[in-house]
Structure formats: C-alpha cells, structure tokens
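Colleague: Can you keep this structure in mind? I'll have questions shortly.
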Amino acid sequence: MPQRPPESETQTLTRPELKTPEMYRVLLLNDDYTPMDFVVDLLIRLFHRSALQANRIMLAVHHKGSGVAGVYPREIAETKVHQATELARKAGHPLRCVMEEDI
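Under full-length UniProt numbering, the first residue of the sequence shown is numbered 1, with each subsequent residue one higher.
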C-alpha cells in the first residue's frame, strides 16, 4: 500500500487568477462610395448579424459616420478589421474598418 507523505509535506495548488480579456469595438466608417447593400452583406456574412441588425448598423454608419459591427477580444477584432478591409478592397470599395478599445 502506498504511503502518504506526512501532512507537513503536502502542497496546496492554487489556481491562477483569470482575467477577462480587454474588448475592442470594430467600427465601420462611412464613405460616399461603398454601396449600402455591400455593407449589409458584409455585416451578415462576416459579423454574423441578422438582416435587421445589419440594416440598423448600416444606417448608423450612413447617418452618424460610423457604426459598431461587433465587440471582440483584441486578436479577433484585428482579424475582423483585416477581413472586412480585404473583402471591401476585392469588391473595389473604399470602406474603412477600424477598432478601438471598448471602455
């Protein structure tokens, strides 16, 4: 039968404290050239928004100058910005997408 170490020699393991990752807003910026339908399609395909949500965000971009496509941890936000910009360029649109820390 295996022997247990004496009580004085046992160690208590502590779990490291987990931190919530910093979140970033991905913003679409208005321009005079990117079609509204393209923005709605982008929001549905890339940001997984419903058609209603996508239309509301697109209208915010159009009327207010920018709209929040989503809020993500930093690495995911960076990827979304890159993907949105790449899709817009491939389609020949100057749509700008940026990220900022969600406060």
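A virtual CB, placed ideally from N, CA and C, is assigned to each residue, including glycine. Since this is a predicted model, take the numbers as computed values, not measurements.
#1: With DSSP run on the structure shown, which of helix, strand or coil describes LEU13?
#2: Using CA atoms only, rank isn't needed, just tell me which of PRO21, CYS97, THR20 is closest to MET58.
#3: Does DSSP put ARG56 in a helix, a strand or coil?
#4: Kindly indicate which residue of ARG45, MET99, VAL39 has the alpha-carbon position closest to the one of ALA60.
#5: At what residues does the beta strand (DSSP E) containing LEU27 begin and finish?
#6: Report the residue from LEU27, GLU22, LYS80 whose alpha carbon sits nearest the alpha carbon of LYS64.
#7: Cβ atoms of LEU95 and ASP31: under 8 Å apart, would you say?
Modeller: To lay it out plainly:
#1: Within the sequence shown, numbered from 1, the residue matching residue 13 stands at position 13. Residue state, collapsed to three classes: coil.
#2: Sequence index remark: in the sequence shown, residue 58 carries index 58 (1-based). The closest CA to that of MET58, considering only PRO21, CYS97, THR20, is found on CYS97.
#3: Counting from 1 along the sequence shown, the entry for residue 56 is found at position 56. In the structure shown, ARG56 falls within a helical segment according to DSSP collapsed to helix, strand and coil.
#4: If you number the sequence shown from 1, residue 60 lands on position 60. Comparing Cα positions, the closest option is VAL39.
#5: Looking up residue 27 in the sequence shown gives position 27. 23-29 is the span of the beta strand (DSSP E), which, as asked, contains LEU27.
#6: On the sequence shown, position 64 is the one that residue 64 refers to. Checked all of LEU27, GLU22, LYS80; the closest Cα to LYS64 is LEU27.
#7: As a working mapping, residue 31 is identified with position 31 in the sequence shown. As a working mapping, residue 95 is identified with position 95 in the sequence shown. Between ASP31 and LEU95, the C-beta gap is smaller than 8 Å, which places the two residues in contact.
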